[in-house]
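Read through the structure below, which is laid out as structure tokens, and then see the notes.
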Amino acid sequence: MSFDLASSSASAQINRLPNELLAEIFVRTHDILSFYGDNPTYEGAALCAFLSHVCRRWRSVAISCQYLWASLPCKTEKWTKACLARAHSGPVALQFYTLPEDDFMASLSRETCNHLFDTIPRAISLDAWLQLGEAVPAGILAHTDEVLRALLEHEAPLLEDLTIRFEEDNFEEEESNEPHILPSLFLEKTPSKLQHVYLEGCALPFPQTIFSAALTTLKLDFARIWTNMDQMVEFMRTVPLLKDFEYENYGDPASYGFDPALSRVQPLRCVTLAHLRRCHVQAAFVVGIRMFSYLAFPPDASLCLSAYEARDTSYGQHYTDIELEGLIAFGSKALRAHYAGYMERTGRHYDSIEVGRNTLSHVSESRDELEFGFGMPEVDAPDAHRLRAAVAAMYLTIPVIAHTKMLVLHEDWEGFTLRDLSYCKNVERLHIKGNALAIFAKALSEGDMLDSASFPVCSEIIIGAADFSLPTREDAHSRFRLQPDWELQLAETLQRYQTNRGGECTLKIVFNQCKLGPRTMETFQTALGADRVHTTDQKEDNLRYFEGGFVLI
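Going by this note's numbering, the first residue of the sequence shown is number -11, and it counts up by one from there.
Shown next, in the form of structure tokens:
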């Protein structure tokens, strides 16, 4: 059959479909185009306007399908008015952007803007991306004020998804992360169907009226809806169905109006969130560990506690010995309670732990997601070693981590020392990737030694994609330079390590996809034995690890 005949036959088959099925196809077409961001029509038209330009029947079906016209506003006055008319009484999805490059009000008349604002009670989703700042044009600021007034003066009983973002012209500066305070929204009437909320750069007064018990997703990015731990606990108790919680605020908590002091009345793990599957907190260490400590949720949920300290290095290092001991004890108790019985119930621990720049993490192969990511506070102060050592012990002595079988040291490995990692007594394989070998060798030369108690059952060290061909070696970040005999020193150190361990557990070295020097194999085989040093050219595992709250692949 020719292409023309096949096309004609397909068209005839589609035209035999009842209007209800044709409308459903149009809806699916709209969703696919919306997902991929493709608009096959000319600038300013509704996403699926082309469906109304095929034939009279298609036009009739398309125009009667309110869903196709519910995304408001369009880029032009003409199409915005057309969509308002065609969506008439149905639910709508609203986007109110007042950005210099995308100001919806700039192309619309006052009357049309008012009609748009009057659709807020019919909104299923509402996304407001607003611009503030001294350098923002007066017209943009006026439009931002009008949007905020509309959100204040209209109820939103159908609302399921709410996004409010404030973009400041100087918001990238860490010193200026005080969020913009919003008035109460939606006439202080709770949208009873609200499930998903994303707030950025704004603050709502406590207690809030917009959050319902139906909430399942809450993402706060430089935003504030509570000012202390007591308020956080009180809020979390009102959202028992929460599944996804994300909190991001960098630097000194005082700069964004949050007091991380312990509650005087709330006990550890006092809020039960049985449905929570993802808890990611990126904030100062004290904020993250204490916020987590009040929540009780399933131990197999994805847990991320990143530590982002203030640029002022004095912050984070003003703990007295008693304060530091209390902070770590509180966090340790919460972490151990969180994972209590997990190994016994599941019969498993984390089979591999990946070590990056001030991070420990594990990515589940079966679920292809981050199971945990723990961050080390990155501070530069005379007594920083106290905090670093205490945090390392807190994380690495959790049984599900301490029983791991493999450690993967990534190229940006930093923060957790070999002595810290030796809390993991069951490690059988040590995988050192690329430039991490230089860091590993330098650490050994400076006294972070492997001794007989370190990794007592380790039988294999895999060195991946390392370059031994240069007479000297400098790591990727130029933090130090290794001497010409560095590989000899490394081989002799590993020999002493093997000898001091004794026992039946022999150590094997595997160079995988490494660029070897002229005497590399001879050096290591002389030190450890010819049968214990091998080379392979297998493709490096595309190991994923946690870096500052993200999974890198």
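All residues carry an ideal CB built from backbone N, CA and C; glycine is no exception.
N- and C-terminal bounds of the alpha helix (DSSP H) containing residue i
i: Gly544; result: Examination of residue 544 is not possible in this model, given that the chain is present from -11 through 541 alone.
i: Asp115; result: Looking at the DSSP string, Asp115 is not in any alpha helix (DSSP H); the run it does join, the beta strand (DSSP E), is 111 to 120.
i: Phe246; result: Per DSSP, Phe246 belongs to no alpha helix (DSSP H) and is neither H nor E.
i: Asp106; result: Note, Asp106: premise wrong, no alpha helix (DSSP H); not H, not E.
i: Cys565; result: As displayed, the chain neither begins before -11 nor continues past 541, which places residue 565 out of reach and without an answer.
i: Thr551; result: Here the chain has residues from -11 to 541 only, and residue 551 is not among them.
i: Tyr383; result: 372 to 384
i: Leu504; result: It is not in any alpha helix (DSSP H) - Leu504 carries neither H nor E in the DSSP assignment.
i: His131; result: 126 to 141
Residue i: first and last residue of the uninterrupted beta strand (DSSP E) it sits in
i: His350; result: 347 to 352
i: Ala295; result: 290 to 295
i: Thr186; result: In the sequence as presented, Thr is not what sits at residue 186; that position holds Tyr. 184 to 188 is the extent of the beta strand (DSSP E) around Tyr186.
i: Val274; result: From DSSP, Val274 is part of no beta strand (DSSP E) but of the alpha helix (DSSP H) over 273 to 281.
Reduced DSSP category for residue i - H, G, I as helix; E, B as strand; rest coil
i: Met394; result: strand
i: Lys231; result: coil
i: Phe499; result: strand
i: Ile213; result: coil
i: Ala464; result: At Ala464, the pLDDT of 46 sits below 50, so the modelled position is not reliable; the number obtained from the coordinates is stated separately. Of the three classes helix, strand and coil, the one that applies to Ala464 here is coil, per DSSP.
i: Cys493; result: coil
i: Tyr338; result: coil
i: Thr308; result: coil
i: Glu402; result: strand
i: His263; result: coil
i: Glu236; result: strand
i: Glu163; result: Model confidence at Glu163 stands at a pLDDT of 49, short of 50, so the residue's coordinates are unreliable and nothing is read from them.
i: Cys412; result: coil
i: His18; result: helix
i: Leu82; result: strand
i: Leu37; result: According to the sequence provided, residue 37 is Ala. The question's Leu does not apply to it. It is helical.
i: Ser302; result: In this predicted model, Ser302 has a pLDDT of only 48, less than 50, meaning its place in the structure is not dependable enough to derive any value.
i: Leu87; result: strand
i: Val388; result: helix
i: Ala284; result: strand
i: Gly435; result: coil
i: Leu476; result: helix
i: Tyr30; result: Interpretation of Tyr30 is limited by its pLDDT of 46, a score under 50 that renders its predicted location unreliable; the figure taken from the coordinates is listed afterwards. Here Tyr30 sits in coil by DSSP.
i: Ser95; result: helix
i: Ala429; result: helix
Cβ pair residue i, residue j closer than 8 Å
i: Ala289; j: Cys258; result: no
i: Val619; j: Glu342; result: Residue 619 is absent from the structure shown; the chain starts at -11 and stops at 541.
i: Cys43; j: Leu56; result: no
i: Ala191; j: Leu170; result: yes
i: Thr64; j: Ser95; result: yes
i: Ala144; j: Leu114; result: yes
i: Ala111; j: Leu82; result: yes
i: Thr204; j: Thr178; result: no
i: Ile420; j: Ile450; result: yes
i: Tyr296; j: Ala271; result: yes
i: Pro61; j: Pro88; result: no
i: Met220; j: Tyr282; result: yes
i: Ser340; j: Thr392; result: yes
i: Gly335; j: Thr347; result: no
i: Glu399; j: Gly422; result: yes
i: Leu146; j: Lys181; result: yes
i: Ala211; j: Glu188; result: yes
i: Gly121; j: Glu156; result: yes
i: Arg278; j: Leu250; result: yes
Which residues DSSP lists as bridging residue i, in chain order
i: Ala451; result: A small correction: the amino acid at residue 451 is Ile; Ala does not occupy that position in the sequence shown. Note: Ile451 sits in a beta bridge opposite Ile420, Phe499.
i: Thr151; result: Asp115, Tyr186
i: Val49; result: None, per the DSSP bridge assignment.
i: Thr205; result: His184, Asp232
i: Glu156; result: Leu120
i: Ser59; result: Ala81
i: Asp525; result: According to DSSP, which records beta bridges pairwise, Asp525 is partnered with nothing at all.
i: His168; result: Cys190
i: Gln270; result: Glu236, Ser294
i: Leu343; result: Position check: residue 343 holds Val in this sequence, whereas Leu was assumed. Note: Val343 sits in a beta bridge opposite Leu348, Leu397.
Is the region 431 to 450 touching the region 376 to 384, taking contact as three or more C-beta pairs under 8 Å? No: the two stretches stay apart, fewer than three of their Cβ pairs being nearer than 8 Å.
Does the pairing of the region 395 to 412 with the region 320 to 337 give three or more beta-carbon distances under 8 Å? By the C-beta criterion, the region 395 to 412 is judged not to be in contact with the region 320 to 337, since fewer than 3 inter-stretch pairs fall below 8 Å.
Three or more beta-carbon pairs under 8 Å between the region 357 to 365 and the region 307 to 319, yes or no? Contact between the region 357 to 365 and the region 307 to 319 is absent, with fewer than three C-beta pairs closer than 8 Å.
Pairs of beta-carbons, one from the region 470 to 480 and one from the region 441 to 453, closer than 8 Å: are there three or more? Between the region 470 to 480 and the region 441 to 453, the count of C-beta pairs closer than 8 Å stays below three; the two stretches do not touch.
Count the CB pairs spanning the region 260 to 277 and the region 222 to 238 that are closer than 8 Å, and state whether there are at least three. By the criterion of at least three beta-carbon pairs nearer than 8 Å, the region 260 to 277 is in contact with the region 222 to 238.
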